[in-house]
Ligand code: HEM
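In the numbering used here, the protein residues as written are 43 to 272.
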């Protein structure tokens with residue numbers, strides 16, 4: 043088996059990707075410092091609570107209590123980095139043409155189910171891949187951009203609900219904008235868990251390519267057919 047080193051991820055994409063990781067981490071952590079001050083969300087009916095998102099022990103263990111102003115300071119500083127890095131990434135993908143590998147194409151939704159079934163070892167063969175990413179990745183990577191836009195807009199709505207009343211209104215009012223902002227955060231955590239599981243599954247070669255930009259491809263050596271004897 044011959045090996046070939048091929049270019050996979052442009053430098054800009056790698057920078058945007060790796061800057062986003064700690065910045066999003068800081069956004070979620072500082073968001074929690076803020077959420078603590080008005081910890082209202084639960085899943086339940088009437089007076090019965092099925093899920094309270096964060097029990098007191100969680101706040102105590104991670105020392106999240108009583109740090110509202112610190113949380114706000116971090117959140118409102120790093121939101122600019124999150125926003126600028128996101129804008130730069132989207133613009134780069136548009137101008138470089140990378141977007142073609144990142145958006146769903148005809149049949150992506152159908153094939154993404156087949157990818158899922160294949161990943162869960164229910165289906166034997168993986169569906170064909172058009173471009174750099176499989177169809178489940180195309181959907182996930184597009185969804186994460188839409189989520190990012192959603193977080194910025196709902197964030198702005200609850201940051202300045204008086205000045206940006208119209209933005210609050212678009213999201214169904216302050217309360218609704220806050221709920222969407224919170225749900226999107228849960229979405230990032232779920233995306234992250236699946237993303238990491240997939241990266242581990244795909245292996246070292248795939249992960250290394252997101253750092254170095256290059257991937258090692260195994261190529262079957264061509265078998266040269268012997269000339270028939272005359
Ligand atoms: C430790 C954390 C992370 C690791 C190890 C990681 C690893 C990777 C790898 C290896 C790829 C390339 C996948 C492939 O070639 O098949 C990738 C792509 C991607 N990841 Fe991550 N990732 C991490 C965190 C995140 C986070 C937090 C986000 C966003 C919320 C994210 C969003 C993306 C996106 C959008 C792509 C596609 C990039 C493009 O080609 O434009 N990743 N990641």
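All residues carry an ideal CB built from backbone N, CA and C; glycine is no exception.
Can at least three beta-carbon pairs, one atom from the region 50-68 and one from the region 107-127, be found at a separation below 8 Å? yes
Mind checking residue 139: buried by the 16 CB within 10 Å criterion, or exposed? exposed
Does any heavy atom of the ligand HEM sit closer than 8 Å to the C-beta of residue 140? yes
From which residue to which residue does the alpha helix (DSSP H) around residue 260 run? Element bounds for residue 260: not the alpha helix (DSSP H) but the beta strand (DSSP E), 256-261.
Specify the secondary structure class of residue 44 as computed by DSSP and reduced to three states. strand
Look at the alpha carbon of residue 206 and the alpha carbon of residue 146, and state the distance between them as a whole number of angstroms. 33 Å
For a quick check, are the C-beta atoms of residue 112 and residue 75 less than 9 Å apart? yes
Residue 165 (DSSP reduced to helix, strand or coil): coil
Is residue 127 near the ligand HEM, going by C-beta to nearest heavy atom under 8 Å? no
Buried or exposed for residue 144, going by 16 or more other Cβ atoms inside 10 Å? buried
Taking the DSSP output, what are the residues bridged to residue 90? 87
Out of 216, 197, 202, point me to the one whose CA is closest to residue 226's CA. 197
I'd like to confirm the pairing. Which residues does DSSP put opposite residue 50 in its beta bridges? Note: residue 50 sits in no beta bridge, so no partner.
Presumed contact (8 Å Cβ cut-off) between residue 176 and residue 157, rounded CB distance: 5 Å
Between residue 135 and residue 55, is the Cβ-Cβ spacing less than 9 Å? yes
Cβ-heavy atom distance, residue 237 to the ligand HEM, below 8 Å: yes
Which first and last residues belong to the alpha helix (DSSP H) in which residue 140 is found? First-last for residue 140: undefined, no H or E at that position.
Using a Cβ-based criterion (distance less than 8 Å to any ligand heavy atom), does residue 62 qualify as near the ligand HEM? yes
Beta-carbon spacing of residue 187, residue 132 below 9 Å: yes
For residue 170, which three-state DSSP category applies? coil
C-alpha distance - residue 96 paired with residue 201, whole-angstrom precision: 23 Å
With a Cβ-Cβ cutoff of 9 Å, do residue 160 and residue 169 count as a contact? yes
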